[in-house]
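Colleague: Below is the structure I would like to discuss, written out as structure tokens.
Numbering (this note's numbering), first residue to last: 1 to 431.
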């Protein structure tokens with residue numbers, strides 16, 4: 001026979017959000033004394049209901065961007081996939097000449113791919129000088145690598161551009177970028193406070209961390225879904241938040257560069273030049289782009305993608321490339337070749353310090369592609385799951401408000417046998 005209720009040992013104390021008790025004979029509601037758990041719980045739900053909507057928008061748009069390149073290639077077989085032909089492709093100088101002649105604009109960057117079915121990516125700017133204070137307009141065009149013919153505009157490119165702008169600054173410019181940045185800080189705080197509230201009494205029990213009890217119903221099931229799926233996604237949300245802040249706040253990005261010692265984008269490595277040496281270089285012999293490209297092909301490793309920028313007079317040609325078999329698409333290396341055909345600088349991704357590699361791979365870390373296809377898929381699922389936490393958090397919050405009102409009514413109209421009414425989510429870290 002089972003033990004009688006009075007013979008059962010008392011349940012172990014549970015750490016968790018505060019519980020309000022209503023005395024059976026109409027006494028005032030009794031609250032537990034404030035504790036750190038109470039503080040973190042209040043912070044967690046307040047951040048959740050204030051920043052939750054923005055985080056849901058940012059999460060869903062981020063998930064939609066996870067496979068942008070693959071989706072666009074599938075939708076545009078005649079633009080982002082070209083038919084390979086026998087014979088060599090055009091040289092960089094020939095491509096630049098034909099693209100500029102066809103577009104009437106100036107090529108500022110040329111992207112080449114080793115795969116025979118990939119088009120050339122050309123960034124164009126108008127030849128006219130922009131008005132004072134205005135930035136030159138850049139346009140991305142695709143071209144056939146065999147004859148330099150300009151291809152059409154990819155279907156869906158506008159959709160993903162708008163999605164990316166919504167993801168980064170809510171289509172609201174600098175103000176939207178700040179809102180997204182503050183919400184990203186909120187995501188980090190939600191993750192850390194949620195981990196604290198979630199911490200189980202049996203820390204080494206995987207069931208306490210990761211199992212969803214399908215026997216639960218109502219608020220208990222909602223809380224369990226919120227807590228367990230949040231545990232699964234916690235590392236991904238911290239990674240996305242801590243990397244995403246670098247696009248929202250300049251001070252944060254500067255601090256990361258200072259912490260890692262990585263060079264800022266656009267900063268040229270190498271010893272400082274003597275006074276007048278820069279002017280002499282600008283008056284130096286013109287650089288043959290094709291000859292410098294041939295040096296890169298001869299001295300450099302096999303590449304999957306490469307980007308070249310036509311240099312200013314007297315400056316070396318700098319080729320930024322991703323080696324064939326690189327761990328991810330942002331594992332960029334660079335080589336600089338001068339007019340004499342000499343390699344004046346070669347920085348390979350694999351040879352750089354860890355901090356430099358991480359700063360150069362910030363987008364890959366943010367999207368999960370740093371960890372391969374599985375990382376991309378997991379980050380996409382976690383991003384698309386963001387509304388789950390927003391909806392369940394709001395339902396639990398509204399449920400607590402309703403229970404608080406019910407508790408107040410019972411306190412005003414006492415009745416025999418009134419039970420305790422938990423105001424917080426059922427189940428806590430004391431599992």
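Backbone N, C-alpha and C define an ideal beta-carbon position, used for all residues, glycine too.
Given the structure is predicted, the values throughout are model-derived calculations rather than measurements.
Alpha carbons only, please: which of 396, 35, 371 and 126 is nearest the one belonging to residue 236?
Modeller: Comparing Cα-Cα distances from residue 236 to each of 396, 35, 371 and 126, the minimum goes to 371.
Colleague: Thinking just about the alpha-carbon of each residue, which of 56, 182, 117 and 239 is nearest to the one in residue 144?
Modeller: It is 117 whose Cα lies nearest to the Cα of residue 144.
Colleague: For residue 201 versus residue 228, is the C-beta distance shorter than 9 Å?
Modeller: It is not a contact, given that the beta carbons lie outside the stated cut-off.
Colleague: Whole-angstrom Cβ separation of residue 98 and residue 148, contact assumed at under 8 Å?
Modeller: Right, their Cβ atoms sit about 3 Å apart.
Colleague: Among 409, 158, 219 and 322, which one has its Cα closest to the Cα of residue 297?
Modeller: Here the closest residue by C-alpha is 322.
Colleague: For my contact list, residue 308 and residue 319 are in at a C-beta cut-off of 8 Å; report their separation, rounded to the angstrom.
Modeller: Contact flag correct, Cβ pair sits at about 5 Å.
Colleague: Taking the DSSP output, what are the residues bridged to residue 123?
Modeller: In DSSP, residue 123 forms a bridge with 109 and 140.
Colleague: Return helix, strand or coil for residue 94, following the three-state DSSP convention.
Modeller: Here residue 94 sits in helix by DSSP.
Colleague: Quick check on this structure: which residue in 37, 199 and 174 has the alpha carbon closest to the alpha carbon of residue 209?
Modeller: The shortest C-alpha separation from residue 209 is found at 199.
Colleague: Taking C-beta to C-beta, are residue 186 and residue 55 nearer than 9 Å?
Modeller: Cβ distance < 9 Å, so residue 186 and residue 55 count as in contact.
Colleague: Assuming residue 167 is part of the alpha helix (DSSP H), what are its boundary residues?
Modeller: Its alpha helix (DSSP H) spans residues 157–169.
Colleague: Can you pull the DSSP bridge partners for residue 335?
Modeller: Answer by DSSP bridge pairing, in chain order: 319 and 346.
Colleague: My assumption, with CB atoms under 8 Å, is that residue 52 sits in contact with residue 390. Please give the rounded CB distance.
Modeller: Rounded, the Cβ-Cβ distance is 4 Å, consistent with contact.
Colleague: Determine whether the beta carbon atoms of residue 140 and residue 305 lie at a separation below 9 Å.
Modeller: Contact: no.
Colleague: Is residue 244 buried or exposed, if buried means 16 or more other CB atoms sit within 10 Å of its CB?
Modeller: Burial call: buried.
Colleague: Thinking C-alpha only, which one of 47, 57, 169 and 67 is nearest residue 378?
Modeller: For the residues 47, 57, 169 and 67, the minimum Cα distance to residue 378 belongs to 67.
Colleague: With DSSP collapsed to three states, give me the class of residue 307.
Modeller: It is a strand residue.
Colleague: Return the residue from the list 79, 289 and 166 that minimises the CA-CA distance to residue 150.
Modeller: Per the Cα distances, 79.
Colleague: Which whole-angstrom value is the C-beta distance of residue 332 and residue 368, which I expect to be below 8 Å?
Modeller: About 18 Å; that fails the 8 Å criterion.
Colleague: Looking only at C-alpha atoms, which of 194, 169 and 192 sits nearest to residue 182?
Modeller: Here the closest residue by C-alpha is 169.
Colleague: Can you tell me where the alpha helix (DSSP H) holding residue 295 begins and where it ends?
Modeller: Unbroken alpha helix (DSSP H) run through residue 295: 289–299.
Colleague: One question on the structure: do residue 196 and residue 376 come within less than 9 Å of each other, judged by their Cβ atoms?
Modeller: No, they are not a contact pair.
Colleague: Would you list, in sequence order, the uninterrupted alpha helix (DSSP H) runs of no fewer than 4 residues that lie entirely inside the stretch 198–240?
Modeller: Taking only runs of at least 4 residues, the alpha helix (DSSP H) segments lying wholly in the stretch 198–240 are 206–210.
Colleague: Assuming residue 160 and residue 75 are in contact, meaning their beta carbons sit under 8 Å apart, how far apart are those beta carbons, in whole angstroms?
Modeller: 10 Å between Cβ atoms; not a contact.
Colleague: Secondary structure at residue 411, three-state DSSP: helix, strand or coil?
Modeller: Looking at residue 411 - three-state DSSP - the assignment turns out to be helix.
Colleague: To the nearest angstrom, how far is it from the Cα of residue 247 to the Cα of residue 355?
Modeller: About 18 Å.
Colleague: Taking buried to mean at least 16 other C-beta atoms within 10 Å of its own C-beta, is residue 382 buried or exposed?
Modeller: Buried, because 16 or more other Cβ atoms sit within 10 Å of the Cβ of residue 382.
Colleague: Taking the Cβ atom as the reference point for each residue, do residue 324 and residue 114 lie within a distance shorter than 9 Å?
Modeller: Result yes, Cβ atoms of residue 324 and residue 114 sit closer than 9 Å.
Colleague: Going by CA-CA distance only, name the one from 348, 155, 109 and 104 that's closest to residue 300.
Modeller: Checked all of 348, 155, 109 and 104; the closest Cα to residue 300 is 348.
Colleague: Do the CB positions of residue 167 and residue 392 come within less than 9 Å of each other?
Modeller: No, these two residues do not count as a Cβ contact at 9 Å.
Colleague: Evaluate contact between the stretch 122–132 and the stretch 326–342, counting only Cβ atoms and requiring at least three cross-stretch pairs below 8 Å.
Modeller: Cβ pair count under 8 Å is below three, so no.
Colleague: Is residue 151 helix, strand or coil by DSSP?
Modeller: Here residue 151 sits in coil by DSSP.
Colleague: Could you give the first and the last residue of the continuous alpha helix (DSSP H) run that contains residue 42?
Modeller: Per DSSP, residue 42 belongs to the alpha helix (DSSP H) from 36–64.
Colleague: Just to confirm my understanding: we take residue 193, look at its own chain, exclude 5 residues before and 5 after, and list those with CB closer than 6 Å. What are they?
Modeller: The answer, listed in chain order, is 40, 43 and 44.
Colleague: Inspect the beta-carbon positions of residue 388 and residue 339 and report whether they are closer than 9 Å.
Modeller: Going by C-beta atoms, residue 388 is not nearer than 9 Å to residue 339.
Colleague: Quick one: grab the DSSP three-state call for residue 26.
Modeller: The predicted model places residue 26 with a pLDDT of 40, which falls under 50 and marks its position as unreliable; any figure quoted below should be read in that light. Coil.
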